[in-house]
């Protein structure tokens, strides 16, 4: 998403994709717990970390304009990749 911050719509789209991935990971953690691959403590810790990641991503989505409006530093070279 960061590489696409020059275009706010693309930035939000990439962040939304990332949030979807973390939600899918939560699903598979629950499946792994249900199958006995993880104990409850491990599953809860991972889910809590993923919840925090989701909150951070959604905070960035809500404030996307502030991330996309970062002015370049004078004399800074363009580090974007094609």
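In the numbering used here, the protein residues as written are 1104 to 1185. Where a beta carbon is used, it is the ideal one built from N, C-alpha and C, also for glycine.
Buried or exposed by the 16-neighbour rule on C-beta atoms within 10 Å, applied to residue i
i	result
residue 1176	exposed
residue 1158	exposed
residue 1185	Its pLDDT being 46, under 50, residue 1185 is placed unreliably by the model, and nothing is read from it.
Alpha carbon of residue i to alpha carbon of residue j, nearest angstrom
i	j	result
residue 1164	residue 1134	28 Å
residue 1169	residue 1129	29 Å
residue 1104	residue 1139	35 Å
residue 1109	residue 1115	11 Å
residue 1112	residue 1149	30 Å
residue 1147	residue 1136	9 Å
residue 1171	residue 1120	17 Å
residue 1127	residue 1178	42 Å
residue 1166	residue 1151	23 Å
Check whether residue i and residue j have beta carbons under 8 Å apart
i	j	result
residue 1122	residue 1153	no
residue 1144	residue 1125	no
residue 1118	residue 1132	no
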